[in-house]
Amino acid sequence: MSNLYQVDYESPIGVMEVVGTEQGILSVLFTEREEVLHQPQPDTPQVLNDCLQELDEYFKGERMDFTVPYFSEGTEFQGKVWSALTTVGYAETASYRDIAVKVGSEKAVRAVGNANSKNKLTIIVPCHRVIGTNGKLTGYAGTLTRKEWLLKHEQATRSKNTL
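Letter by letter, the sequence shown follows residues 1 to 163 of the working numbering.
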């Protein structure tokens with residue numbers, strides 16, 4: 001089994017905890033801590049340092065796609081949902097129903113929501129881009145305030161970069 005490493009990233013909307021191995025990222029989650037506890041160390045794998053760099057670029061409005069390798073553990077259905085989430089473009093949104101249709105289970109809207117809530121790769125696998133069928137922001141493990149911030153950040157970045 002590979003060693004697990006942890007580093008924190010101080011985003012504009014809270015401290016994020018990044019966990020991974022030498023091969024890839026396992027989770028990127030918001031914490032409720034106000035301070036960074038886990039700084040990169042000399043033995044921190046390059047993939048975690050790369051993830052910190054990509055998160056920094058994302059929050060500065062310089063990155064729209066993530067390239068760090070990552071791994072997700074879940075059921076086959078969850079894997080399909082998480083894969084579908086990566087097809088929702090930067091600064092775009094999709095409804096839970098849209099994702100259900102994309103994974104071939106049109107009536108599994110609640111199951112999509114449940115799988116979405118189990119996503120441990122916040123921002124990298126962009127679950128914040130999924131909204132209710134009525135266009136309202138619903139459910140986000142990182143809080144609706146952060147979800148709204150992320151969507152506005154992406155829209156502002158896209159607008160700035162298309163001028």
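Glycine included, each C-beta is placed from N, C-alpha and C at the ideal position.
Comparing alpha-carbon positions, which option in the options lies nearest residue i?
i: Y96; options: L121, L137 and R63; result: L137
i: E22; options: L37, F30, I124 and Q6; result: Q6
i: P40; options: G24, C127, Y9 and E32; result: Y9
i: P69; options: P42, L26 and A111; result: L26
i: P126; options: R110, T133, K107 and I99; result: I99
i: L48; options: N3, R33, E35 and G89; result: N3
i: N134; options: E76, S11, G20 and A94; result: A94
i: E54; options: T143, E92 and V28; result: V28
i: T143; options: H128, E106 and Q155; result: H128
i: V15; options: S159, Q155 and T122; result: T122
i: R146; options: L37, F59, D43 and K102; result: F59
What are the boundary residues of the alpha helix (DSSP H) that residue i is part of?
i: G79; result: E76 to L85
i: V112; result: V109 to S117
What residues are listed by DSSP as bridge partners for residue i?
i: A94; result: V130
i: E10; result: V15
i: L29; result: E17
i: Y58; result: DSSP, once it has assigned bridges, lists no residue as partnering Y58.
For a test of the three-state rule: what should DSSP assign to residue i, helix, strand or coil?
i: L167; result: Here the chain has residues from 1 to 163 only, and residue 167 is not among them.
i: L163; result: With a pLDDT of 49 at L163, under the threshold of 50, the predicted position of this residue should be treated as unreliable, and no value is reported.
i: D65; result: coil
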